[in-house]
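Input: a single structure, listed below in structure tokens.
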Amino acid sequence: MSTLRDFDLLVFDFDGTLANSASWFRSILPDLSRRFGFRCPDEDELEVLRHKPPREVMRILKIPGWKLVFIAVHVRKRAAKAEAFPLFDGVPEVLRAIAAKGVRIAVVSSNAEGNVRRALGPELSALVTSWSCGAGLFGKAKHFRDVLRETKVTPARALSVGDEIRDIEAARDVGLQTAGVAWGFGMKPALEAANPDLLFVTVDEFQAFVAS
Numbered sequence: 017m018s019t020l021r022d023f024d025l026l027v028f029d030f031d032g033t034l035a036n037s038a039s040w041f042r043s044i045l046p047d048l049s050r051r052f053g054f055r056c057p058d059e060d061e062l063e064v065l066r067h068k069p070p071r072e073v074m075r076i077l078k079i080p081g082w083k084l085v086f087i088a089v090h091v092r093k094r095a096a097k098a099e100a101f102p103l104f105d106g107v108p109e110v111l112r113a114i115a116a117k118g119v120r121i122a123v124v125s126s127n128a129e130g131n132v133r134r135a136l137g138p139e140l141s142a143l144v145t146s147w148s149c150g151a152g153l154f155g156k157a158k159h160f161r162d163v164l165r166e167t168k169v170t171p172a173r174a175l176s177v178g179d180e181i182r183d184i185e186a187a188r189d190v191g192l193q194t195a196g197v198a199w200g201f202g203m204k205p206a207l208e209a210a211n212p213d214l215l216f217v218t219v220d221e222f223q224a225f226v227a228s
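Positions in the sequence shown are counted from 1; adding 16 to them yields the numbering used here.
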């Protein structure tokens, strides 16, 4: 099994990986469904959808692909006006420990960079050496390439850390090693089915990996 010493760069997703934005997103979901004309799932169905890949979720909710960019722009603007999303317990300590070991940190997110920086705060934001935000739902591969180009790290020495199947798929397309985390949107069985190189169920497990 890989250890932190095998990597020069860890590339983090934000929503559902570093920050707990799920409750906020659920609160605006009914309004989004009205604005953009898709079916709004209830709480029970949302739990079922956590086991599905993104394209299957889109099909079930009847969201055409061309609407994704408009939905994403709207959500980023609303997030900028909301209170900063809370970080998961243990995340600040994890980021500090990674930086202390000389491993660089990057953030690749569908959210806006300003929203991510606001949630992390000045101290933790200063630990991030590369940012590539505003990625589309299926556009993270390009952003991974941008981060690798900026940091001059080879794909084999970089680890993507994210809570969704699409994070794993995009990172694999670029040649990064992949870590799925099951404390965000994606459920453990769904992440396991995507066959990441590493899988962490809790932040404590990830902390142990960083300490190894």
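Ideal placement from N, C-alpha and C gives every residue a C-beta, glycine not left out. Please read these numbers as outputs of a predicted model, since none were measured by experiment.
As DSSP reads the structure, Ser146 sits in a beta bridge with Ala122. In terms of CA proximity to Phe54, Ile87 leads the group Val27, Ile87, Ser43. When C-beta atoms of the stretch 70-90 are compared with those of the stretch 131-149, fewer than three pairs fall below 8 Å, so the two segments do not count as touching.
By the 16-neighbour rule on beta-carbons within 10 angstroms, Gly191 is exposed. Counting only runs of 3 or more residues that sit fully inside the stretch 149-196, the beta strand (DSSP E) segments are 174-178, in chain order. Nearest to Val123 by C-alpha distance, out of Lys93, Lys117, Ala157, is Ala157. Judged by DSSP secondary structure, Leu214 falls within the beta strand (DSSP E) whose first and last residues are 214-216. Per DSSP, Leu26 lies in no alpha helix (DSSP H); the unbroken beta strand (DSSP E) holding it starts and ends at 25-28.
Judged by beta-carbon spacing, Arg92 lies within the 8 Å limit of Ala128, meaning their Cβ atoms are closer than that value. The C-beta separation of Phe28 from Arg173 comes to about 16 Å, leaving the pair out of contact by the 8 Å criterion. Residue pairing from DSSP places Leu103 in a beta bridge opposite Ala35.
Straight-line spacing of the CA atoms in Thr170 and Leu164 works out to 7 Å.
With fewer than 16 other Cβ atoms inside 10 Å of its own Cβ, Asp47 counts as exposed. In the structure shown, the three-state DSSP call for Gly137 is helix. Looking at the backbone, the Cα of Leu136 and that of Cys56 are separated by about 30 Å. Distances from the CA of Val107 to each of Val197, Leu65, Phe52 were compared; the closest alpha carbon is that of Val197. Contact annotation: Ser125 and Ala151 have beta-carbon atoms nearer than 8 Å.
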